[in-house]
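Quick note on this note's numbering: the sequence shown kicks off at 12 and runs consecutively.
Yeah, the Cβ is synthetic: ideal placement off N, Cα and C, and Gly gets one too.
Owing to the predicted nature of the structure, the values given are computational and were not obtained by experimental measurement.
Single-structure report; data block below.
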Amino acid sequence: MSEVIVLAYSGGLDTSVCIPLLRERYGFDKVITVLTDVGQPKEDIDRGNKRAEKLSDEHYVIDAKEEFVEDYIFPAIKANASYEGYVLGTAIARPLIARKTVEIAKKLGADALGHGCTGRGNDQLRFEAVFRATDLRVVAPMRDLDLSREWEIDYARDHGIDVPVTKEKPWSIDENLWSRSIEGGLLEDPFFEPPEEIYAWTKSPERGLAPAKVEIEFSKGVPIALDGERMDGVELIERLNGIAGEHGVGRTDMIEDRVLGLKARENYEHPAATVLLNAHRDLERLILSRAELRFKAMVDEAWSELAYMGLVDDPLYADLSAFVDESSKRVNGVVKMKLSSGRAVAVGRKSPDAIYDQEMVSFDSQTLSQRDAEGFAKYHGFQARFLARR
Ligand code: ARG
12 MSEVIVLAYS GGLDTSVCIP LLRERYGFDK VITVLTDVGQ PKEDIDRGNK RAEKLSDEHY
72 VIDAKEEFVE DYIFPAIKAN ASYEGYVLGT AIARPLIARK TVEIAKKLGA DALGHGCTGR
132 GNDQLRFEAV FRATDLRVVA PMRDLDLSRE WEIDYARDHG IDVPVTKEKP WSIDENLWSR
192 SIEGGLLEDP FFEPPEEIYA WTKSPERGLA PAKVEIEFSK GVPIALDGER MDGVELIERL
252 NGIAGEHGVG RTDMIEDRVL GLKARENYEH PAATVLLNAH RDLERLILSR AELRFKAMVD
312 EAWSELAYMG LVDDPLYADL SAFVDESSKR VNGVVKMKLS SGRAVAVGRK SPDAIYDQEM
372 VSFDSQTLSQ RDAEGFAKYH GFQARFLARR
């Protein structure tokens, strides 16, 4: 019986090399590739399609941008997603890519699922958390075979895979609508300062551009309009990446603790994510109660950690998401953001659901009877005084 594998395919060198390897080293008769579009550059997708046409037995391209925004990015905004300061991106896209790959494998009655991740990173774990929920065999040639870069390039050339003539690409890049990750090469030395050339979405924050302002409208915790113009999430994020990128907003250079325990030097750019997350956090402060804010900070952190690990099928992920959705119901309003020299800060916010009473808090009003507060003040810090008096 012929053995069929469905491979999560990015179009890059590693997953391209996987195609002939799966036939030659693993004996698969049919290698089917699935390229999931989560907003990577069009050139990457075109190149992937072209390579797949030549190499694979059957190829599928799935436009999952809208689903990525609605079901992965929007929840991340509502949960103020951040893992050690990383806004996520690669992490939240992997489960979706894995799920799309599984969908095709099931439809076609395949025998196995493949991915091109190495054994050092998080992505293998995120893919397999989804893949292994099926009863299909899981194959990871890059992790299995531990190939050197030179070997891969020679092998690729022998199999008619076009390898760019330029020497080895200096950085490993992973890109989707939410963030762009740059790692490897000289950046592996944590003391090496990232050169301007690693950035593609952001211009230098130091080029002295005059500040700009944008207004973001949120409904139920998710952005629905930019400067008063309603638009869908994909367009809003794309536009905001452009606007905030001009101001150098959303660069991160950090040491990250991978799930395996390895520390890694990571560079990211994510202009829209920074603007939207800062705006959202600010709006929540106007709307949620003090108790909600305290508790939600813990929920957000736990949610982010599960998302980072790719454990989106853990029941806790659904539990926490339910809390996040419930508390987000009232997160409606507009935040005015100032973009300037790499920063995105809220300079104004308004909401019909604010727990805010200008009349009460104002220096200029007599709505609140100040004398009534005396009783409250009398007993504030009571325990400490009681102890001192003993
Ligand atoms: N460190 C980030 C993460 O684990 C980014 C990984 C980038 N992945 C890649 N294949 N280049 O989410």
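Check: D146, DSSP secondary structure in three states; Outcome: coil
Check: Rounded straight-line distance, which links the Cα of E370 to that of S376; Outcome: 6 Å
Check: Residue interval of the beta strand (DSSP E) (run including Y367); Outcome: Unbroken run through Y367: none, as it is neither H nor E.
Check: The ligand ARG heavy atom lying under 7 Å from the CB of S315; Outcome: no
Check: Presumed contact (8 Å Cβ cut-off) between E280 and M265, rounded CB distance; Outcome: So it is not a contact: roughly 12 Å between Cβ atoms.
Check: Distance cut-off 7 Å: G22 Cβ against heavy atoms of the ligand ARG; Outcome: no
Check: Local Cβ density within 10 Å of A211, reported as buried at 16 or more and exposed below that; Outcome: exposed
Check: Near the ligand ARG: T101 beta-carbon under 7 Å from a heavy atom; Outcome: yes
Check: Residue(s) in a DSSP beta bridge with L350; Outcome: A223, A355
Check: Proximity test, D185 beta-carbon vs the ligand ARG heavy atom, cut-off 7 Å; Outcome: yes
Check: Pair within 8 Å by beta-carbon distance, A19 and G125; Outcome: yes
Check: Residues near K76 by beta carbon distance below 7 Å, same chain, minus five either side; Outcome: D48, V49, G50, L188, V245
Check: Where A121 falls: helix, strand or coil (DSSP); Outcome: coil
Check: Integer-rounded CB distance, given that I30 should sit under 8 Å from A412; Outcome: The displayed coordinates of the chain run from 12 to 401. Any statement about residue 412 would go beyond what the structure contains.
Check: Range of the contiguous alpha helix (DSSP H) that encloses A388; Outcome: 384–390
Check: S362 versus L119, R401, P205, L299, residue with shortest Cα-Cα distance; Outcome: L299
Check: Coarse secondary structure for T101, derived from DSSP in three states; Outcome: helix
Check: Endpoints, alpha helix (DSSP H) assigned at M265; Outcome: Segment 262–268 is the beta strand (DSSP E) holding M265; no alpha helix (DSSP H) there.
Check: Proximity test, A399 beta-carbon vs the ligand ARG heavy atom, cut-off 7 Å; Outcome: no
Check: 8 Å CB neighbourhood of L317 in its chain, flanking five on each side removed; Outcome: V323, D325, L327, Y328, L331
Check: Which residues DSSP lists as bridging Y94, in chain order; Outcome: Y97
Check: Rounded C-alpha distance that separates V358 from G344; Outcome: 14 Å
Check: Outcome for Q135 when other beta-carbon atoms lying within 10 angstroms are tallied against a minimum of 16; Outcome: buried
Check: Top-ranked residue by Cα proximity to V141, from I164, G132, A109; Outcome: A109
Check: Cβ pair T112, V17 closer than 8 Å; Outcome: yes
Check: A275 Cβ short of 7 Å to the ligand ARG heavy atom set; Outcome: yes
Check: Limits of the unbroken beta strand (DSSP E) element including K231; Outcome: Looking at the DSSP string, K231 is not in any beta strand (DSSP E), and its letter there is neither H nor E.
Check: Same chain, Cβ closer than 7 Å to K65, neighbours up to 5 away in sequence not counted; Outcome: G171
Check: Where E208 falls, given that 16 or more other Cβ within 10 Å makes a residue buried; Outcome: exposed
Check: Test item: CB-CB of E139 and V149 under 8 Å; Outcome: yes
Check: Cut-off 6 Å between Cβ atoms - residues of its own chain near V335, not counting five sequence neighbours on either side; Outcome: K89, A90
Check: Burial state of D155 (16 or more Cβ within 10 Å); Outcome: exposed
Check: K347 versus A290 - alpha carbon distance; Outcome: 8 Å
Check: Residue burial classification, K118 (beta-carbon count within 10 angstroms, cutoff 16); Outcome: exposed
Check: Neighbourhood of D82 by C-beta distance below 8 Å, restricted to the same chain and skipping five residues each side; Outcome: L107
Check: C-beta atoms of N133 and A102 nearer than 8 Å; Outcome: yes
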